[in-house]
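Heads up, the sequence shown is in my numbering, so the first residue is 200 and it goes up one at a time.
We treat Cβ as the ideally placed atom computed from N, Cα and C, and that holds for glycine.
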Amino acid sequence: KQWYQRRVRVARASGNYGTVLSHNTDTGKSRIKLPSGSKKVLDSKARAVVGIIDGGGRTEKPLLKAGRAYHKYKVKRNCWPKVRGVAMNPVEHPHSGGNHQHINQPSTIHKYTITNTKIIQNSTK
200 KQWYQRRVRV
210 ARASGNYGTV
220 LSHNTDTGKS
230 RIKLPSGSKK
240 VLDSKARAVV
250 GIIDGGGRTE
260 KPLLKAGRAY
270 HKYKVKRNCW
280 PKVRGVAMNP
290 VEHPHSGGNH
300 QHINQPSTIH
310 KYTITNTKII
320 QNSTK
């Protein structure tokens, strides 16, 4: 089937848009540039709406509540909440364990330390 018959949806997220780069009248194909930067060849008979999808800047608003973050990441992937390593049990993370929440080793190194050594964070100096 042709692209225009399958109702392909391109650049449908809020604030996104696609740009028509060229038309080839001989083959009836058009090149468009997607929001990801990739280019796609579609049939020139395909329908499109002119303009930018409403809702741009939606991600700039703060979530404000844990419940909103919960519902946001519930449909995406299991990456929320993020638990700190020092708050875990000793079998779960190298920074865990002990009677107080500490990482048990220096968190910074000198800036002239030999490369390829195990570090946590560079020194601020």
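Close Cβ partners of residue i (< 6 angstroms) along its chain, the five nearest in sequence each way excluded
{"i": "Glu259", "result": "none"}
{"i": "Leu220", "result": "Arg230, Lys232"}
Neighbourhood of residue i by C-beta, 7 angstroms cutoff - its chain only, sequence neighbours within 5 removed
{"i": "Gly255", "result": "Ser213, Gly214"}
{"i": "His222", "result": "Ser229, Ser243"}
Selected residue, minimal CA-CA separation from residue i, among the options
{"i": "Val249", "options": "Tyr216, Lys310, Arg257", "result": "Tyr216"}
{"i": "Lys238", "options": "Lys244, Ala210, Thr307", "result": "Ala210"}
Residue i versus residue j - alpha carbon distance
{"i": "Thr312", "j": "Gly236", "result": "40 angstroms"}
{"i": "Lys232", "j": "Thr307", "result": "45 angstroms"}
{"i": "Thr224", "j": "Arg276", "result": "44 angstroms"}
{"i": "Arg206", "j": "Val274", "result": "25 angstroms"}
{"i": "Val240", "j": "Arg230", "result": "4 angstroms"}
{"i": "Thr218", "j": "Pro234", "result": "9 angstroms"}
{"i": "Arg208", "j": "Ala247", "result": "9 angstroms"}
{"i": "Ala245", "j": "Ile252", "result": "18 angstroms"}
{"i": "Thr314", "j": "Pro280", "result": "33 angstroms"}
For residue i: DSSP bridge partner residues
{"i": "Arg276", "result": "Its beta-bridge partners do not exist; DSSP assigns none."}
{"i": "Asn315", "result": "Paired residues: none, contrary to the question."}
{"i": "Ile231", "result": "Val219, Lys239"}
8 angstroms Cβ shell around residue i - same chain, five flanking residues per side excluded
{"i": "Leu262", "result": "Ala268, Lys271"}
{"i": "Cys278", "result": "Tyr272"}
{"i": "Asn288", "result": "Ser295, Gly296"}
Beta-carbon proximity check, residue i vs residue j, cutoff 8 angstroms
{"i": "Gly227", "j": "Ser243", "result": "yes"}
{"i": "Val285", "j": "Gln304", "result": "no"}
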